[in-house]
Amino acid sequence: MSDADRRRWDQRHAGAPLAEPGPPEPLRGREDLVPASGRALDVACGRGAAAVWLAERGLAVDAVDVSPVALAAGAALAQRRGVRVRWWTHDLEAGLPEACRGPYDVVVCQRFRDPALYPALAAGLAPGGLLAVTVLSVVGGPGGPFRAVPGELRSAFAGLDVLADVEGAGSASLLARRRDSRNA
211 MSDADRRRWD QRHAGAPLAE PGPPEPLRGR EDLVPASGRA LDVACGRGAA AVWLAERGLA
271 VDAVDVSPVA LAAGAALAQR RGVRVRWWTH DLEAGLPEAC RGPYDVVVCQ RFRDPALYPA
331 LAAGLAPGGL LAVTVLSVVG GPGGPFRAVP GELRSAFAGL DVLADVEGAG SASLLARRRD
391 SRNA
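Quick note: the sequence shown uses the numbering used here, first residue 211, plus one each step.
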């Protein structure tokens, strides 16, 4: 990512309202699927709403974003809510940081689409781990290079057990679980 892109994200986050903790889109109404302990990774975490929500549920959370401004807002939110999150400033175009390779019981990626990163997201899941991904989509929305094509998430994560797959209104979401061969 270029310095200009990073500055653009910093400016966008600097003017954003305070975030409130909340579940990522695919987990809304399915919060009971999230374990009460273990590890979680929030990729492209922005201002940390999902990361802090996961930490409040009892998970040890790593949160990654390119914007130091967003991460500072997330750290302030975590401090206000009395939880600990490890914040990583990292350009995701270079893949996940070495320290964030897993295994994780929950992996979240909201509103960041990089198909080259999909294999790392799946590989970072522990057996039985939960993946929640939401991206912009051409389904019911405009086209463009940053939008998923129909069926992209289901295809990219075909090796996982899909619990929910929704496309429409310019968005695509997937909730999936890595098979746990220990319980097979």
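In this text, a Cβ means the ideal position worked out from N, Cα and C, and glycines have one as well. Predicted, not measured: the structure shown is a model, and the values here were computed from it.
Ranked by Cα distance from Gly-369, the options Ala-379, Tyr-328, Ala-382, Gly-350 are led by Tyr-328. In the three-state reduction of the DSSP assignment, Arg-267 falls in the coil class, being assigned neither a helical nor a strand state.
DSSP places Val-372 within a strand segment (E or B) once states are collapsed to three. Here the alpha carbons of Pro-231 and Glu-308 stand approximately 26 angstroms from one another. Residue environment for Leu-228: exposed (fewer than 16 other C-beta atoms within 10 angstroms of its C-beta).
Taken in chain order, the unbroken stretches of beta strand (DSSP E) that lie wholly in the stretch 256 to 305 and span 3 residues or more are 270 to 275, 295 to 299. Assigned with DSSP and collapsed to three states, Ser-381 falls in strand. Between Trp-297 and Ala-273, the CB-CB gap stays under 8 angstroms. Ranked by Cα distance from Val-244, the options Pro-355, Leu-302, Leu-269, Arg-294 are led by Leu-269. Put simply, the backbone Cα of Ala-342 is about 24 angstroms away from that of Val-279. Across the set Ala-379, Glu-241, Ala-214, the C-alpha of Ala-379 shows the shortest separation from the C-alpha of Val-349. Around Arg-216, the same chain offers Val-276 as residues with beta carbons nearer than 6 angstroms, after the five sequence neighbours per side are excluded. Ala-330 and Gly-292 have their alpha carbons spaced roughly 30 angstroms apart.
Assignment of beta-bridge partners to Val-359 by DSSP yields no partner.
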